[in-house]
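Quick note, the sequences are listed as chains Y and C, same order. Add 75 to the 1-based position in the first sequence for the working numbering, that's all there is to it. Add 16 to the 1-based position in the second sequence for the working numbering, that's all there is to it. We put the CB at the ideal spot given by N, CA and C, even for glycine. Have a look at the structure below, then the notes.
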Amino acid sequence: MKNIIRVLRAERRWTQADLAKMLGVSRNSVNAIENGKYDPSLPLAFKIARLFERPVEDIFEDEEEKVIPLHPK
Amino acid sequence: MLMSTKSQLLASVVLCLGGAYIWFYGVPFYMTALFTIFCILWAGMIFVQIFKGTDELKAAGIRYGLAAASGIGVPLSLACVMLMVAMPELQNVIAGIAAYSRSGIMPIAVGFGLGVTFMIILMCAVFAASHWYWWASKR
């Protein structure tokens with residue numbers, strides 16, 4: 076899943092280690108999430124969103140195809 | 017985490033070899049009982065670490081490794097059993113190893129114990145390989 080965490084982190088001049096400490100995870104986790112190699116759990120995603128004061132959907136971009144409802148309104 | 021995953025893996029293999037030592041050389045029963053309890057507690061500690069006290073990325077890697085260890089390791093172990101059944105020469109080697117035991121335990125029981133030890137070491141090897149692969153894919 077794509078995200079803009081690296082951009083948001085750079086705006087605040089935080090290192091990956093700083094962000095990892097604030098989130099309570101390892102630096103490896105932050106690196107993997109930024110590179111889109113690992114999708115964080117829901118609690119961690121919300122924690123990231125609260126830290127950057129942005130909605131979750133602003134930070135993470137779902138790359139899946141658009142879902143078409145079975146029974147349109 | 018108290019220990020890294022690699023250290024835990026190494027410690028698990030050492031414990032297995034300790035078990036094999038018991039099969040071969042025999043120790044007083046109370047030591048066998050203490051060793052068994054320690055192994056059970058060790059396995060429990062590793063399992064609990066998946067859910068508590070570790071980074072979620074590391075926990076995901078351990079879950080992946082455990083899934084591969086059971087999903088691949090168990091069929092692989094069964095394949096080894098089938099290989100042994102199909103190859104009398106292999107059976108002779110295993111019987112020879114079991115007969116070497118000085119523990120006083122019947123060779124057939126030693127063979128069973130060594131089989132369990134072999135299966136655990138095989139699953140540890142599959143865990144190590146899949147865990148390494150998982151971490152490589154995250155870099």
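Buried versus exposed, by CB contacts within 10 Å (16 or more), residue i
i: C/M47; result: exposed
i: C/F45; result: exposed
i: Y/V100; result: buried
i: C/K74; result: buried
i: C/T52; result: exposed
i: C/I56; result: exposed
i: Y/P115; result: buried
i: C/S86; result: exposed
Residue-level contact to chain Y via CB, residue i, 8 Å cutoff
i: C/S23; result: no
i: C/S213; result: There is no way to answer for residue 213 of chain C, as the model of chain C reaches only from 17 to 155.
i: C/K74; result: yes
Proximity to residue i [Cα-Cα], best of the options
i: C/K154; options: Y/S104, Y/T90 and Y/A92; result: Y/S104
i: Y/L126; options: Y/K112, Y/K77, Y/L83 and Y/M76; result: Y/L83
i: Y/G111; options: Y/R102, Y/F135, Y/L119 and Y/A85; result: Y/F135
i: C/F40; options: C/Q107, C/K68, C/I66 and C/A114; result: C/A114
i: C/G127; options: C/C55, C/I56 and C/L106; result: C/L106
i: C/S119; options: C/V43, C/G34, C/L31 and C/Y149; result: C/V43
i: Y/V131; options: Y/I108, Y/L117 and Y/R87; result: Y/L117
First through last residue of the alpha helix (DSSP H) which encompasses residue i
i: Y/R81; result: I80 to E86
i: Y/R102; result: R102 to E109
i: C/T52; result: F45 to F67
i: C/W150; result: P123 to S153
i: C/Y37; result: T21 to Y41
Residue-chain proximity (residue i, chain C), Cβ-Cβ < 8 Å
i: Y/K216; result: Nothing can be reported for residue 216 of chain Y, as the shown portion of chain Y is limited to 76 through 148.
i: Y/V131; result: no
i: Y/K112; result: yes
i: Y/N78; result: no
i: Y/L117; result: no
i: Y/A92; result: no
i: Y/A107; result: yes
i: Y/V82; result: no
Alpha-carbon to alpha-carbon, residue j and residue i
i: C/M61; j: Y/H146; result: 49 Å
i: C/Y80; j: Y/W89; result: 31 Å
i: C/A83; j: C/G89; result: 9 Å
i: C/T21; j: C/I78; result: 8 Å
i: Y/R81; j: Y/L94; result: 10 Å
i: C/P123; j: C/A76; result: 41 Å
i: C/V97; j: C/S117; result: 21 Å
Residue i CB to nearest heavy atom of the ligand MN below 7 Å
i: C/G131; result: Ligands in the displayed structure: none, and consequently the ligand MN is not present.
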